[in-house]
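Residues in the sequence shown are numbered consecutively from 12, following the working numbering.
Just so you know, even glycine gets a beta-carbon here, dropped at the ideal spot from N, CA and C.
Some notes on the structure that comes next.
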Amino acid sequence: MLPSAFKASKRTPAPAPGAAGAAAQTPEIRSRGTVPVRCATPGPLRRPAPPKPRPARPQRAGTGPRETSRLRSSAPIRSRSSSSSASRSPFLDGLVEHIRTCYIRQQKNRGKTVEPGPVRACFTSFGSVGDSGSSSRGGVSMIRLLIFLLGLALALPALADQIVLKNGDKLTGQIISSDAATLTLKTEYAGDIKIKRDSIASIAADAPLNVQMADKTVVATVAPAAEPEKVVIQAPGAEAVTAPLAEVAAFRNDPSQRAYERELERNLHPRLNDFWQGFVSFSVAGASGNAETATYSTSLAASRAAGKNKMALYFNQVYATQSTQQPFGATANRLSGGYRLDRDVSRRMFVFATTDFDYDQFLDLDLRSVVGGGLGFKVWKSNRGFLDVGSGGVFNREKFGSGLIRKAGELLINEELGLKVNSRLKLSQRMSLYPNLSDTGQYRLNLDTGASMPIFGWLEWNIGFSSRYLSNPPPGLKSNDLLYTTGIRLSFDQTKIR
12 MLPSAFKASK RTPAPAPGAA GAAAQTPEIR SRGTVPVRCA TPGPLRRPAP
62 PKPRPARPQR AGTGPRETSR LRSSAPIRSR SSSSSASRSP FLDGLVEHIR
112 TCYIRQQKNR GKTVEPGPVR ACFTSFGSVG DSGSSSRGGV SMIRLLIFLL
162 GLALALPALA DQIVLKNGDK LTGQIISSDA ATLTLKTEYA GDIKIKRDSI
212 ASIAADAPLN VQMADKTVVA TVAPAAEPEK VVIQAPGAEA VTAPLAEVAA
262 FRNDPSQRAY ERELERNLHP RLNDFWQGFV SFSVAGASGN AETATYSTSL
312 AASRAAGKNK MALYFNQVYA TQSTQQPFGA TANRLSGGYR LDRDVSRRMF
362 VFATTDFDYD QFLDLDLRSV VGGGLGFKVW KSNRGFLDVG SGGVFNREKF
412 GSGLIRKAGE LLINEELGLK VNSRLKLSQR MSLYPNLSDT GQYRLNLDTG
462 ASMPIFGWLE WNIGFSSRYL SNPPPGLKSN DLLYTTGIRL SFDQTKIR
């Protein structure tokens with residue numbers, strides 16, 4: 012059964028040969044679902060049969076024919092090519108290109124070869140937004156791109172420095188600083204990690220570091236070399252240098268480099284108020300009721316080590332009273348203080364000069380003055396503490412309340428220990444023995460010990476013990492005076508790198 016349009020064309024007579032031009036101007040009649048039919052002569056034409064109606068699409072809830080027609084009429088019709096070119100975002104294209112560049116650079120720093128062609132195709136396939144013929148599909152493409160970028164950011168490892176050990180282990184984080192022995196790596200999973208330099212096989216840094224060589228310090232990127240235990244140091248505007256890890260003195264980031272330069276300046280040109288450390292302690296005790304007593308004690312110790320010089324000073328005071336029974340008044344009243352200066356002559360040897368002063372009301376000692384010096388030796392020194400010993404000679408002058416004045420030359424044997432038992436407990440001890448050379452067989456012994464524990468920050472709890480022994484006291488007086496105190500103290504330390 013032929014369509015009606017074909018029937019009409021069969022009844023239409025063929026045009027005459029001279030009517031070719033007129034036939035060319037004959038209008039075409041197109042109908043949906045039919046082929047074009049050319050009319051040779053004007054006149055009424057039979058209307059082609061209407062197409063069969065298509066089944067109606069189910070409408071979404073809340074939309075009617077009017078709303079649907081309005082939406083269709085208002086939506087602009089764009090071709091696929093024009094929509095793609097018009098909706099590309101330069102910002103997103105630049106973002107994708109930046110992520111691709113960072114990915115390639117990171118893989119190169121890790122020693123991996125990356126083919127730029129496939130990587131570029133992978134990233135640029137998501138670079139165009141709205142590659143569709145409608146705004147709704149363009150929004151879907153935008154969402155897909157954002158989801159892709161978010162997944163890419165989560166999937167790719169964060170740009171970080173990488174340390175490869177000789178046993179094959181890999182550690183990632185941020186290089187803080189290093190010296191000839193250790194390297195400090197800051198990580199999110201374990202905090203600061205100290206790694207032995209001799210166990211490192213390669214180093215890769217995403218950000219420039221301050222690299223200290225034997226003769227200079229440069230700001231450069233660091234990447235592993237093809238040869239084992241070597242790094243490639245690339246400074247801006249200079250040729251890349253391949254150097255063994257053992258020849259690099261230090262790696263530092265910018266904050267660590269600034270702190271190192273400040274510390275270097277302090278060591279080369281120290282000021283008088285630099286490098287002091289010590290404490291000031293206070294102690295109070297009292298009683299009331301059947302017994303009326305009060306005790307006050309104060310102690311101070313400070314030392315400063317700068318270059319080859321070290322100076323130290325100390326002061327101790329105790330005063331106690333009672334008003335329980337006659338005679339009322341003081342039951343203890345003693346003051347002591349001193350100053351000492353050391354100068355290194357070698358890595359372990361040093362010379363020292365010392366002076367000490369003492370007052371003790373109940374020993375009837377108005378003033379004891381001791382001046383002398385000697386030679387010392389550093390037996391042990393580390394981050395946990397020190398042990399020094401020394402020997403020399405002093406001159407001792409003692410004046411008593413009775414008017415007695417004694418002068419004598421004495422031999423000096425001293426020892427000093429400082430020990431950090433753990434992160435919370437610190438011990439200190441100092442002993443000085445003075446054998447009398449003018450009156451052989453007589454001697455003096457001074458002993459001071461203490462322990463402290465931090466409460467918080469610069470506030471510490473401490474306990475102290477002090478002994479002053481004199482083998483030949485004035486008649487009627489005891490040889491030994493003991494003092495023990497406990498209280499709080501304020502500590503300070505300027506030796507740490509700021």
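Asked	Found
Proximity to A246 [Cα-Cα], best of A216, S267, A257, P239	A216
Neighbourhood of L444 by C-beta, 7 Å cutoff - its chain only, sequence neighbours within 5 removed	I424, Y454, L456
Three-way DSSP call (helix, strand, coil) for Q337 in this model	coil
N-terminal and C-terminal residue of the beta strand (DSSP E) that P255 is part of	252-255
Neighbourhood of T460 by C-beta, 6 Å cutoff - its chain only, sequence neighbours within 5 removed	Q440, F476
Local conformation of D459 per DSSP, three classes	strand
Where E409 falls: helix, strand or coil (DSSP)	strand
First and last residue of the uninterrupted beta strand (DSSP E) at S294	287-298
Which listed residue (M322, S314, T309) has its alpha carbon closest to that of Q328	T309
Reference G318; option with closest CA among I416, A364, V356, V382	V356
Three-pair Cβ contact test at 8 Å for the segment 219-230 versus the segment 258-273	yes
Rounded C-alpha distance that separates S490 from N320	36 Å
8 Å CB neighbourhood of D375 in its chain, flanking five on each side removed	F411, G412, S413, P485, L488
Beta-carbon proximity list for K418, same chain, < 6 Å, skipping 5 on both sides	R408
Buried versus exposed, by CB contacts within 10 Å (16 or more), G481	In the sequence as presented, Gly is not what sits at residue 481; that position holds Leu. Burial call: buried.
Status (buried if at least 16 other CB within 10 Å, exposed otherwise) for K18	At K18, the pLDDT of 43 sits below 50, so the modelled position is not reliable; the number obtained from the coordinates is stated separately. That one is exposed.
K241 classed as buried or exposed, judged by whether at least 16 other C-beta atoms fall within 10 angstroms	buried
Buried or exposed (CB count within 10 angstroms, at least 16 for buried), V405	buried
Distance between beta carbons of R351 and T365, contact taken as under 8 Å	4 Å
Beta-carbon proximity check, Y325 vs L311, cutoff 8 Å	yes
Opposing strand residues paired with Q223 [DSSP bridges]	T228, A261
Selection from D371, A302, S294, Y307 that minimises the alpha carbon distance to Q337	A302
Simplified DSSP state of Y200, which is helix, strand or coil	coil
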